[in-house]
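Reviewing the structure listed below.
Written out as structure tokens, the structure is:
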């Protein structure tokens, strides 16, 4: 099953993972932009915040902290949904409280099917909010 439209920003500092996620999401019908740093990710959002429907963020990158980055992104685009991914436990309570229904945690490693399910669930909540 493919989707029509939807531009996703994928942020990770591991090039092979960026390529894999981009390829997989592209096969599902999403347009994908990648960023290898938190600063580049913010530049992408700041340049055209409404361009993206979702961001998939690696939680353990250097630079802008994931909570700060996600908060900035969601403030710039009120419809943006965020998936924060990490192989380590992460307390998302404050971020989820500040943006109910707009951010979830996905534990690494995850399968392509798990990512697809998370993306679909998050985008479904976006459409209900319209």
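In our numbering, the protein residues as written are 91 to 220.
Even for Gly, the Cβ is constructed at its ideal location relative to N, Cα and C.
Keep in mind that this is a model prediction, so the values were computed, not measured.
Item, Value
"Inside the region 110-180 only - alpha helix (DSSP H) runs reaching at least 4 residues", "128-137, 156-166"
"Selected residue, minimal CA-CA separation from residue 216, among 138, 123, 145, 156", "145"
"Check: residue 149 C-beta below 8 angstroms from any heavy atom of the ligand ZN", "For the structure depicted, the ligand ZN is absent and the ligand set is empty, with no information on it obtainable."
"Sequence-distant residues of the same chain with beta carbon closer than 7 angstroms to residue 92, five excluded per side", "Residue placement at residue 92 is flagged as unreliable, the pLDDT there being 45, under the threshold of 50; the coordinate-derived value follows with that caveat. Within the same chain, residue 92 has close Cβ partners 118, 119."
"Segment limits, beta strand (DSSP E) that includes residue 195", "193-197"
"Inter-residue CB distance, residue 143 and residue 156 (contact presumed, cutoff 8 angstroms)", "Their Cβ separation, rounded to whole angstroms, is 19 angstroms, which puts residue 143 and residue 156 out of contact at 8 angstroms."
"Inter-stretch contact (C-beta, 8 angstroms, three-pair minimum) for the region 129-137 and the region 97-104", "yes"
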